[in-house]
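K.L.:
In full-length UniProt numbering, the protein residues as written are 11 to 362.
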Ligand code: F0G
């Protein structure tokens, strides 16, 4: 029997590591590619979910972080820093523990999900809540990494993209080729950049016969790429992608244009509808930002813009447990019953 060895070992020859790179890993990657029955019926396509919430800290960030922290360790770094809407900080904090490093994280005040804050805290990160948004946090993190001995592990660090591109490899390895369309939520735009790089590398080396069209979706209150200008006060319930000035903006445009794809926006209402559909009808619990990919696919299908019969992969980027407030909000409080089978059966509607 063979356990998945983590993405650096699984894809070592395709990553910038050497025999002397210390591999810092929690055995990330190798995530499920789940056939989505209801989404397939609704679109007339063969839809899959790449469930990145199954990574060790519950998001796709672990793919980039195993690389970023391994390379930082190789370079002799003793401390790392990142700006984050929550998932990057959770991942950086966990991998820093594995590496015996100190982690510092900058998050927008009051705007990150409780589960993510809890992760950073319990892994012992030094956390600062910045009186500003994510974009301000990233500016500050960059400045600190330039002036002080602390390595930046945001996705502006190119080795993060290298780690994250392995998700595209896994999909092609599973399906035997690239899908027709790959759909992603877009925030700082590192992940769409990474997938596009991964798909291109596999196609260039003859491991895939084609590349997919890349479809990215931003939240409508935080959609600088779609609107064509930075958003000074980005808004959305999907706090993970509440970003007004994406660092990888140009790379996202390149992914869109080179692939013949699109980047569009979805409303919070559409995001929440997709979030509920995924949980209630596919059995996959994701965080709201992750549902932006599925919301976008459904919107395009409803507009008649998805030809039937295509193979489509939607990345769902983070675990629903990160931000359970949205699962509980609006749902009825479970009723209280005495320890009595008949009372319980009555409440459960089992009495016929
Ligand atoms: N989905 C989730 C759950 C995320 O946490 C993020 C980004 C994205 C999608 C967007 O990915 O930035 O590569 O376009 N989260 C970052 C963070 C910003 O700090 O955790 P992107």
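Even for Gly, the Cβ is constructed at its ideal location relative to N, Cα and C. Note that this is a predicted model, so its numbers are computed, not measured.
So does residue 238 have its beta carbon nearer than 7 Å to some heavy atom of the ligand F0G?
P.N.:
The residue labelled residue 238 in the question sits at position 228 within the chain shown. No, the ligand F0G has no heavy atom inside 7 Å of this Cβ.
K.L.:
Apart from the five residues just before and just after residue 242, which ones in its own chain have a Cβ nearer than 8 Å to its Cβ?
P.N.:
Taking the first residue of the chain shown as 1, we reach residue 242 at position 232. Hits under 8 Å: 254.
K.L.:
What are the complete alpha helix (DSSP H) segments, minimum 4 residues, inside the region 30–74?
P.N.:
47–53
K.L.:
Smallest Cα separation from residue 66: which of 343, 82, 98?
P.N.:
Within the chain shown, residue 66 is the residue found at index 56, counting from 1. The option with the nearest alpha carbon to residue 66 is 98.
K.L.:
Helix, strand or coil, according to DSSP, for residue 270 in the structure here?
P.N.:
Counted from its first residue, the chain shown places residue 270 at position 260. Here residue 270 sits in coil by DSSP.
K.L.:
Tell whether a beta-carbon distance below 8 Å holds between residue 163 and residue 107.
P.N.:
Here the question's residue 163 lines up with position 153 in the chain shown. Here the question's residue 107 lines up with position 97 in the chain shown. Contact: no.
K.L.:
Would you mind working out which of 202, 22, 45 sits nearest residue 58, comparing C-alpha positions?
P.N.:
The sequence position of residue 58 within the chain shown is 48, counting from 1. Among 202, 22, 45, the Cα nearest to that of residue 58 belongs to 45.
K.L.:
Indicate the three-state DSSP secondary structure (helix, strand or coil) for residue 14 in the structure shown.
P.N.:
Translated into the one-based positions of the chain shown, residue 14 becomes position 4. Coil, per DSSP.
K.L.:
Give me whichever residues DSSP pairs with residue 191 in a beta bridge.
P.N.:
Translated into positions along the chain shown, residue 191 becomes position 181. DSSP output for residue 191 lists 223, 322 as bridge partner(s).
K.L.:
Would you tell me roughly how many angstroms separate the C-alpha atoms of residue 79 and residue 168, rounded to the nearest one?
P.N.:
Taking the chain shown and counting its residues from 1, the one referred to as residue 79 is at position 69. Taking the chain shown and counting its residues from 1, the one referred to as residue 168 is at position 158. Distance between the alpha carbons of residue 79 and residue 168: 12 Å.
K.L.:
State whether the region 139–152 contacts the region 112–129, with contact taken as three or more CB pairs (one from each stretch) at a distance under 8 Å.
P.N.:
yes
K.L.:
Following the continuous alpha helix (DSSP H) through residue 181, name the residue where it begins and the one where it ends.
P.N.:
Walking along the chain shown from the start, residue 181 turns up at place 171. For residue 181, the enclosing alpha helix (DSSP H) has its first and last residue at 176–185.
K.L.:
Considering only C-alpha positions, which residue in the set 193, 82, 101, 208 is nearest to residue 171?
P.N.:
Locating residue 171 in the chain shown gives position 161, where the first residue counts as 1. When only C-alpha atoms are compared, the closest one is 208.
K.L.:
Would you report the Cα separation of residue 357 and residue 96, rounded to the nearest angstrom?
P.N.:
Locating residue 357 in the chain shown gives position 347, where the first residue counts as 1. Locating residue 96 in the chain shown gives position 86, where the first residue counts as 1. Between residue 357 and residue 96, the C-alpha separation is close to 39 Å.
K.L.:
For the structure I just gave you, are there three or more beta carbon pairs, one from the region 251–267 and one from the region 198–206, closer than 8 Å?
P.N.:
Yes, the region 251–267 touches the region 198–206.
K.L.:
Is the beta carbon of residue 281 sitting closer than 8 Å to the one on residue 191?
P.N.:
As a first step, residue 281 must be located in the chain shown, where it is residue number 271. As a first step, residue 191 must be located in the chain shown, where it is residue number 181. No, these two residues do not count as a Cβ contact at 8 Å.
K.L.:
Apart from the five residues on each side of it in sequence, which residues of its chain come closer than 7 Å, Cβ to Cβ, to residue 210?
P.N.:
Residue mapping note: residue 210 aligns to position 200 of the chain shown, counting from 1. Cβ neighbours of residue 210 beyond the five flanking positions: 221.
K.L.:
From which residue to which residue does the alpha helix (DSSP H) around residue 363 run?
P.N.:
Residue 363 is absent from the structure shown; the chain starts at 11 and stops at 362.
K.L.:
What residues are listed by DSSP as bridge partners for residue 138?
P.N.:
The residue labelled residue 138 in the question sits at position 128 within the chain shown. 116, per the DSSP bridge assignment.
K.L.:
Compute the minimum distance between the beta carbon of residue 118 and the heavy atoms of the ligand F0G, and state whether it is under 7 Å.
P.N.:
For the purposes of this step, residue 118 is taken as the residue at position 108 of the chain shown. No; taking the cut-off as 7 Å, the Cβ of residue 118 has no heavy atom of the ligand F0G nearer than that.
K.L.:
Are the CB atoms of residue 121 and residue 252 within a distance shorter than 8 Å?
P.N.:
Locating residue 252 in the chain shown gives position 242, counting from the first residue. Locating residue 121 in the chain shown gives position 111, counting from the first residue. For residue 252 and residue 121, yes; Cβs fall inside 8 Å.
K.L.:
Verify whether the separation of the beta carbon atoms of residue 74 and residue 226 is less than 8 Å.
P.N.:
To locate residue 74, count along the chain shown from 1; it is residue 64. To locate residue 226, count along the chain shown from 1; it is residue 216. No, the pair does not count as a contact, with Cβ atoms beyond the cut-off.
K.L.:
Do you know offhand how far residue 302's Cα is from residue 284's?
P.N.:
Looking up residue 302 in the chain shown gives position 292. Looking up residue 284 in the chain shown gives position 274. The alpha-carbon atoms of residue 302 and residue 284 are separated by roughly 7 Å.
K.L.:
Measure the alpha-carbon distance for residue 332 versus residue 28 and round it to whole angstroms.
P.N.:
Locating residue 332 in the chain shown gives position 322, counting from the first residue. Locating residue 28 in the chain shown gives position 18, counting from the first residue. When rounded, the distance between both Cα atoms is 34 Å.
K.L.:
So, helix, strand or coil for residue 132, using DSSP?
P.N.:
The residue given as residue 132 occupies position 122 in the chain shown. Correct three-state label for residue 132: helix.
K.L.:
With C-beta atoms as the reference, is residue 134 less than 8 Å away from residue 102?
P.N.:
By one-based count along the chain shown, residue 134 stands at place 124. By one-based count along the chain shown, residue 102 stands at place 92. Going by C-beta atoms, residue 134 is not nearer than 8 Å to residue 102.
K.L.:
Helix, strand or coil: which one does DSSP assign to residue 96?
P.N.:
To locate residue 96, count along the chain shown from 1; it is residue 86. Residue state, collapsed to three classes: coil.
K.L.:
With a threshold of 16 other CB atoms inside 10 Å of the CB of residue 14, please say whether the residue is buried or exposed.
P.N.:
Locating residue 14 in the chain shown gives position 4, where the first residue counts as 1. It counts as exposed.
K.L.:
Would the region 151–162 count as touching the region 124–132 if we require 3 or more Cβ pairs under 8 Å?
P.N.:
no
K.L.:
From the DSSP output, which residues share a beta bridge with residue 91?
P.N.:
Within the chain shown, the letter at position 81 stands for residue 91. Per DSSP, the beta bridge partners of residue 91 are 114, 162.
K.L.:
Take the Cβ of residue 228 as the centre, count every other Cβ of all protein chains shown within 10 Å, and call the residue buried at 16 or more, exposed below.
P.N.:
Here residue 228 refers to the residue found at position 218 of the chain shown. When all chains shown are included, residue 228 counts as buried.
K.L.:
Would you mind sorting residue 193 into buried or exposed? The rule is 16 or more other CB atoms within 10 Å of its CB.
P.N.:
Position 183 of the chain shown, counted from the start, is the residue given in the question as residue 193. Classification for residue 193: buried.
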